[in-house]
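Visitor:
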Amino acid sequence: MNEITDRKVYTNSDKTLTLTISEDNLSAYLTIEDNSNMIDEEEISSLISSAGIKNRLEAAINFNIKNEIIKKLGKPFLIAIASVKKVENGISYTFDSESCININERYEIDALSKFVKVEKDQPLAEMYIPDTHKAGIDIFGNEVSSEQKSQIDVENILGNNVYYSAETNQILSSEAGYPYFDHDNKICVKSTFISQDILDTTKTIYGNTIIDGIISNSNLEIFGDLWVKGSIRSCNNVGIIVHGDIIINYVEDSRIVASGEITINKKARNSLVLANGTIKAEEFSSISGGVIQSGKSIEVYSTGNDHGVVTEVEIAIAPFIKEQIRIVQNKLTNTKNNSDEDNVLISSFIEELEKLHSKFEDEIEKSYNAGSLRISIEGKVYPNSNIRILKDILEISEEKCSIEISVNDSGLEINEVDKL
Numbered sequence: 163m164n165e166i167t168d169r170k171v172y173t174n175s176d177k178t179l180t181l182t183i184s185e186d187n188l189s190a191y192l193t194i195e196d197n198s199n200m201i202d203e204e205e206i207s208s209l210i211s212s213a214g215i216k217n218r219l220e221a222a223i224n225f226n227i228k229n230e231i232i233k234k235l236g237k238p239f240l241i242a243i244a245s246v247k248k249v250e251n252g253i254s255y256t257f258d259s260e261s262c263i264n265i266n267e268r269y270e271i272d273a274l275s276k277f278v279k280v281e282k283d284q285p286l287a288e289m290y291i292p293d294t295h296k297a298g299i300d301i302f303g304n305e306v307s308s309e310q311k312s313q314i315d316v317e318n319i320l321g322n323n324v325y326y327s328a329e330t331n332q333i334l335s336s337e338a339g340y341p342y343f344d345h346d347n348k349i350c351v352k353s354t355f356i357s358q359d360i361l362d363t364t365k366t367i368y369g370n371t372i373i374d375g376i377i378s379n380s381n382l383e384i385f386g387d388l389w390v391k392g393s394i395r396s397c398n399n400v401g402i403i404v405h406g407d408i409i410i411n412y413v414e415d416s417r418i419v420a421s422g423e424i425t426i427n428k429k430a431r432n433s434l435v436l437a438n439g440t441i442k443a444e445e446f447s448s449i450s451g452g453v454i455q456s457g458k459s460i461e462v463y464s465t466g467n468d469h470g471v472v473t474e475v476e477i478a479i480a481p482f483i484k485e486q487i488r489i490v491q492n493k494l495t496n497t498k499n500n501s502d503e504d505n506v507l508i509s510s511f512i513e514e515l516e517k518l519h520s521k522f523e524d525e526i527e528k529s530y531n532a533g534s535l536r537i538s539i540e541g542k543v544y545p546n547s548n549i550r551i552l553k554d555i556l557e558i559s560e561e562k563c564s565i566e567i568s569v570n571d572s573g574l575e576i577n578e579v580d581k582l
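In terms of the working numbering, the sequence shown has 190 at position 28, counting the first letter as 1, and numbering is strictly consecutive.
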């Protein structure tokens, strides 16, 4: 209820009635002086009418009854009160805030499946400024706008692994993982998890994942980066799909796909290794058998082996997206062939394929500068190492050492690189 300050005051001829209106025109008070005469209701009505008050009189009666306010002579008494919404800038969360992890608890990877999860760059909250129009009617019957509080300081609600986009007025996750609120009620995302061996299983994992042991005979999709301190073996069905970067020591008889970069510390053998980003293999490491394919560049130590195993080393357009298309297409085909055909699932796969094809077409339309693409092999290149950059192919028929392969007008050329 408004204070009677900065007001408009109306009185009757003998000053026994005083009508006071607040500056914002949202309330009015009547003071009746004790003059030993009967109160003239018509004179009160005339004073109210002359002031122009024609709205919210009944609201004041209800307010007084509800709050047990009694009319007293010589004291201001509420006779009209308007109700205007008080709105403030707010936050609308785009995830179920009741299903978040408890940051004080330690969870195994399997236990995380019951909690809400987010991908990188996924909106977590929308900041909004409500419409201030048509918020109420004052005691004169005029439309008024709402009273709006000051804008929220975004920095006071941004926690770990989140960021604010002024363009979309949203708070987004900078990492894949599990959202939660910290002790200061800031929005955060838990994005790093450590696990031991992963064996004979199929999992979807959100967040940057460190595997202290090995991954064997498993299918994993990881939304985040992956670091395997041991080895990846016999993951050759769907394999390991990572929406981020991968660091591995050993990989054998497996399918490894990354949207970011792949770093091989020691050995990749008889495996399909695909990355949209750069693929690097550290000094004294080896790549033998299978296919290693990057969307940008390849820097490895040695390819093939002295037994002449066929090893494909390639730069292609968006390998990760092409692999995603293959996987979704297989899912669509299997679903259509299922006796219990799921039309909703089929529609979702078709929609996903359309998005992936659109992304791939965007990659094709980009102006690829073939002259800037390089495959660098610091150590030995054994025979039967087949090199390809986009459409150009080079078959290595004799052992070479310390070379760089690039594109010229006539195809691929090999340049020897001097060791420092």
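Beta carbons are placed, not taken as given, at the ideal position from N, Cα and C, and that holds for glycine.
In the DSSP assignment, the beta strand (DSSP E) including T180 goes from what residue to what residue?
Guide: Here the question's residue 180 lines up with position 18 in the sequence shown. Run containing T180: L179 to I183, per the beta strand (DSSP E) assignment.
Visitor: Could you tell me how far apart the beta carbons of P545 and E566 are, in whole angstroms, since I believe they sit closer than 8 Å?
Guide: The count along the sequence shown starts at 1 and reaches residue 545 at position 383. The count along the sequence shown starts at 1 and reaches residue 566 at position 404. Not a contact, Cβ separation roughly 18 Å.
Visitor: So, helix, strand or coil for R218, using DSSP?
Guide: For this step, residue 218 is matched to residue 56 along the sequence shown. Coil.
Visitor: What separation, rounded to the nearest whole angstrom, lies between the Cα atoms of S450 and D571?
Guide: Sequence index remark: in the sequence shown, residue 450 carries index 288 (1-based). Sequence index remark: in the sequence shown, residue 571 carries index 409 (1-based). Distance between the alpha carbons of S450 and D571: 29 Å.
Visitor: Does the pairing of the stretch 467-483 with the stretch 519-527 give three or more beta-carbon distances under 8 Å?
Guide: yes
Visitor: To the nearest angstrom, how far is the alpha carbon of T354 from that of D387?
Guide: Reading the sequence shown from its first residue, position 192 is the one you call residue 354. Reading the sequence shown from its first residue, position 225 is the one you call residue 387. Those two C-alpha atoms are separated by around 9 Å.
Visitor: Rounded to the nearest angstrom, what separates I377 and L515 at their Cα positions?
Guide: As a first step, residue 377 must be located in the sequence shown, where it is residue number 215. As a first step, residue 515 must be located in the sequence shown, where it is residue number 353. Their Cα atoms are separated by approximately 29 Å.
Visitor: How far does the alpha helix (DSSP H) with T497 in it extend, from its first residue to its last?
Guide: In the sequence shown, the residue the question calls residue 497 occupies position 335. That run of the alpha helix (DSSP H) goes P481 to N499.
Visitor: Report the rounded CA-to-CA distance for G303 versus S184, giving the unit in angstroms.
Guide: One-based indexing of the sequence shown puts residue 303 at position 141. One-based indexing of the sequence shown puts residue 184 at position 22. Roughly 15 Å between the two C-alpha positions.
Visitor: Alpha carbons only, please: which of S336, Q455, N322 and L334 is nearest the one belonging to H345?
Guide: What you label residue 345 is simply residue 183 of the sequence shown in a count that begins at 1. Nearest option by C-alpha distance: N322.
Visitor: Among I372, N427 and I479, whose alpha-carbon lies nearest the alpha-carbon of S421?
Guide: Locating residue 421 in the sequence shown gives position 259, where the first residue counts as 1. Of the listed residues, the one whose Cα sits closest to S421 is I479.
Visitor: Taking the alpha carbon of N224 as the reference point, which residue from A213, S245 and K234 has its own alpha carbon closest?
Guide: Here the question's residue 224 lines up with position 62 in the sequence shown. Of the listed residues, the one whose Cα sits closest to N224 is S245.
Visitor: Please state whether DSSP places I227 in a helix, a strand or coil.
Guide: Residue mapping note: residue 227 aligns to position 65 of the sequence shown, counting from 1. Note: I227 maps to helix in three-state DSSP.
Visitor: Do the stretch 423-443 and the stretch 500-507 make contact, defined as three or more Cβ pairs closer than 8 Å?
Guide: Cβ pair count under 8 Å is below three, so no.
Visitor: If I measure Cβ to Cβ from E474 and keep anything under 6 Å in the same chain, skipping five residues before and after, which residues do I get?
Guide: Indexing the sequence shown from 1 puts residue 474 at position 312. Answer for E474: V453 and N548, listed in chain order.
Visitor: Name the DSSP beta bridge partners of K365, please?
Guide: Within the sequence shown, the letter at position 203 stands for residue 365. K365 pairs with L382.
Visitor: Write down every uninterrupted run of the beta strand (DSSP E) in the stretch 372-432 whose length is 3 residues or greater and which is fully enclosed by it, in chain order.
Guide: 381-385, 388-395, 402-404, 408-414 and 417-420
Visitor: Beta-carbon within less than 8 Å of G236's beta-carbon, same chain only, minus the 5 sequence neighbours each way: which residues are those?
Guide: Locating residue 236 in the sequence shown gives position 74, counting from the first residue. Same-chain partners within the cutoff: T193, I194, E195 and D196.
Visitor: For I477 and chain D, any beta-carbon pair shorter than 8 Å?
Guide: The question asks about chain D, but that chain is absent: this structure has only one protein chain.
Visitor: With three or more C-beta pairs closer than 8 Å as the rule, is the stretch 227-236 touching the stretch 266-277?
Guide: no
Visitor: When you compare only the Cα positions, how much space is there between G573 and G470?
Guide: Your numbering for residue 573 matches position 411 in the sequence shown. Your numbering for residue 470 matches position 308 in the sequence shown. The straight-line gap from Cα to Cα measures roughly 24 Å.
Visitor: Going by beta-carbon coordinates alone, are E383 and R395 separated by less than 8 Å?
Guide: What you label residue 383 is simply residue 221 of the sequence shown in a count that begins at 1. What you label residue 395 is simply residue 233 of the sequence shown in a count that begins at 1. In terms of Cβ geometry, E383 and R395 do not form a close pair [threshold 8 Å].
Visitor: Roughly how many whole angstroms lie between the Cα atoms of S327 and I333?
Guide: Numbered from 1 along the sequence shown, position 165 holds the residue referred to as residue 327. Numbered from 1 along the sequence shown, position 171 holds the residue referred to as residue 333. Their backbone Cα atoms lie some 6 Å apart in a straight line.
Visitor: Put A287 into one of helix, strand or coil per three-state DSSP.
Guide: Counting from one through the sequence shown, the residue named residue 287 turns up at place 125. Of the three classes helix, strand and coil, the one that applies to A287 here is strand, per DSSP.
Visitor: Which residue marks the beginning of the beta strand (DSSP E) containing I349, and which one marks its end?
Guide: Locating residue 349 in the sequence shown gives position 187, where the first residue counts as 1. Unbroken beta strand (DSSP E) run through I349: I349 to K352.
Visitor: Return the residue from the list L552, D315 and E525 that minimises the CA-CA distance to M289.
Guide: To locate residue 289, count along the sequence shown from 1; it is residue 127. Out of L552, D315 and E525, D315 has the C-alpha closest to the C-alpha of M289.
Visitor: Would you list the residues sitting across from G252 in a DSSP beta bridge?
Guide: Translated into positions along the sequence shown, residue 252 becomes position 90. For G252, which the question treats as bridged, DSSP gives the partners Y290.
Visitor: In three-state DSSP terms, what is L436?
Guide: Translated into the one-based positions of the sequence shown, residue 436 becomes position 274. The answer is strand: DSSP assigns L436 an E or B state.
Visitor: Cα-Cα, which of T364, K352 and I403 is closest to A437?
Guide: Taking the sequence shown and counting its residues from 1, the one referred to as residue 437 is at position 275. Comparing Cα positions, the closest option is I403.
Visitor: Looking at the secondary structure, which residues open and close the alpha helix (DSSP H) in which E513 lies?
Guide: Within the sequence shown, numbered from 1, the residue matching residue 513 stands at position 351. In the DSSP assignment, E513 falls within the alpha helix (DSSP H) that extends over N505 to E527.
Visitor: Hey, how far is the Cα of K282 from the Cα of R550?
Guide: For the purposes of this step, residue 282 is taken as residue 120 along the sequence shown, with counting starting at 1. For the purposes of this step, residue 550 is taken as residue 388 along the sequence shown, with counting starting at 1. Cα to Cα, K282 sits roughly 32 Å from R550.
Visitor: From which residue to which residue does the alpha helix (DSSP H) around L209 run?
Guide: If you number the sequence shown from 1, residue 209 lands on position 47. Its alpha helix (DSSP H) spans residues E203 to A213.
Visitor: Take L494 and list the residues in its own chain whose beta-carbon comes closer than 6 Å to its own, dropping the five residues that flank it on each side.
Guide: Translated into the one-based positions of the sequence shown, residue 494 becomes position 332. Excluding positions up to five away in sequence, the list reads F511.
Visitor: Quick check on V306: does DSSP put it in helix, strand or coil?
Guide: The sequence position of residue 306 within the sequence shown is 144, counting from 1. Note: V306 maps to strand in three-state DSSP.
Visitor: Roughly how many angstroms lie between the CA atoms of S212 and A221, to the nearest whole one?
Guide: The count along the sequence shown starts at 1 and reaches residue 212 at position 50. The count along the sequence shown starts at 1 and reaches residue 221 at position 59. Taking the straight line from one Cα to the other gives about 20 Å.
Visitor: According to DSSP, is H295 part of a helix, a strand, or is it coil?
Guide: Here residue 295 refers to the residue found at position 133 of the sequence shown. Residue confidence for H295 is low, a pLDDT of 48 falling below 50, so the modelled location carries little weight and cannot support an answer.
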